[in-house]
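Per my numbering, residue 994 is the first one in the sequence shown, and the count goes up by one each step.
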Amino acid sequence: MAAIILLIITTSGVNTLLLPASPVGVTTGFSLSKDAEAMFYNPANFDAGDNYKLWCSYNRFYVSTQSVSLALSKKIKSIALGIAFLNFDYGDIEWHPNYPTEDTLTYYSGNDFSIILGGSIKVSPLGKIGLNVKYISENIYLYTGYAFAFDIAFSYGSSKSGISFGATNFGSKLTLNNEEVNLPARLSFGGFYRIKKLIASVDIHHLVNLRKMEYGFGLGFPICNIAELTGALHYRDAVYPGFGLELRPGTLTIKYAGSFYPKDLGMINTMGIGFEF
């Protein structure tokens, strides 16, 4: 049984840390994330104002898995500072014993929980650097482990165009049932370019542990003064689409996004809201 649990953890467990934590993650989150929401994707894009800003999301994944994220940000002098929380719930998981057997099905649950302390600062008129420090805990079946990790990113650009590159989840290892598990590290490059009212974006990720590449291409366009539509195509082993809608009435931000994952994993639905106070 312990071997089965460890296999689940190493193949799908902590890899949930790379699943979308909010609507922008379904499209091209590394290049286009902004405000407090960017803490989950690209800390160099993270920005804050003189007022507090709160961001929260609910994300529904395939089968019964789901997650909730929350981020709070504020600018102090020239530094944007924030704290964020992310809880990913696997739902009820079945363990099927090898047949023939008289053993019954075993049901268990699991979750990942992260606390993120983040900050960003301008290092030139067009350049920024951002850093996240993370505490990550994993609870699955009877086993619990924790690790510390960091994200670092650099961005250079203006409101018309920009590029970013960064590293995600580099740090210590989780220890579960006396076995060490690597965090799902990732190297990323992203860029965007505005063509009149359209904004084109691209994300390229190298999944260090899996030695695989992910690609995303997005296109966003406003449909009125307060609403914007975004579409995206992703590739990792197969092509799959993503789409999103953003509303910005005043200081309020409301987002919805969805994606059809390959390999019959189903649809992701994610909703978020942000506001100042």
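No residue lacks a Cβ here, since even glycine has one placed at the ideal position from N, Cα and C.
Item	Value
Give the range of the beta strand (DSSP E) segment to which Leu1110 is assigned.	1103 to 1115
Helix, strand or coil for Ala1041, going by three-state DSSP, please let me know.	coil
Quick one: what's got a C-beta closer than 8 Å to Leu1191's C-beta in the same chain, skipping five residues either side?	Leu1212, Gly1213, Phe1214
Answer yes or no: do Leu1238 and Ile1219 have a C-beta to C-beta separation smaller than 8 Å?	no
What span of residues does the alpha helix (DSSP H) with Ser1024 cover, start to end?	1022 to 1025
Does DSSP put Phe985 in a helix, in a strand, or in coil?	Since the first and last residues shown for the chain are 994 and 1270, residue 985 lies out of range.
Under 8 Å between the Cβ atoms of Ala1146 and Ile1109?	no
Who are the near neighbours of Lys1068 in its chain, counting only those whose CB is closer than 7 Å to its CB and skipping five residues on each side?	Ala1041, Gly1042, Asp1043
So which of Tyr1134, Lys1205, Asp1196 has the shortest CA-CA distance to Val1019?	Asp1196
Who are the Cβ neighbours of Thr1058 in its own chain at under 8 Å, not counting the five residues just before and after it?	Thr1009, Phe1081, Asp1082, Tyr1083, Gly1084
Do Phe1141 and Gly953 have their beta-carbon atoms positioned less than 8 Å apart in this structure?	Since the first residue shown for the chain is 994 and the last is 1270, residue 953 is missing from the structure and cannot be characterised.
Roughly how many whole angstroms lie between the Cα atoms of Gly1123 and Phe1268?	22 Å
Less than 8 Å between the beta carbons of Ser1050 and Ser1015, yes or no?	yes
In or out: Lys1153 buried (at least 16 other Cβ within 10 Å) or exposed?	exposed
If you draw a straight line from the C-alpha of Asn1162 to the C-alpha of Glu1221, how long is it?	31 Å
Spell out the partners DSSP gives Ile1216 in its beta bridges.	Answer by DSSP bridge pairing: none, since Ile1216 is not bridged.
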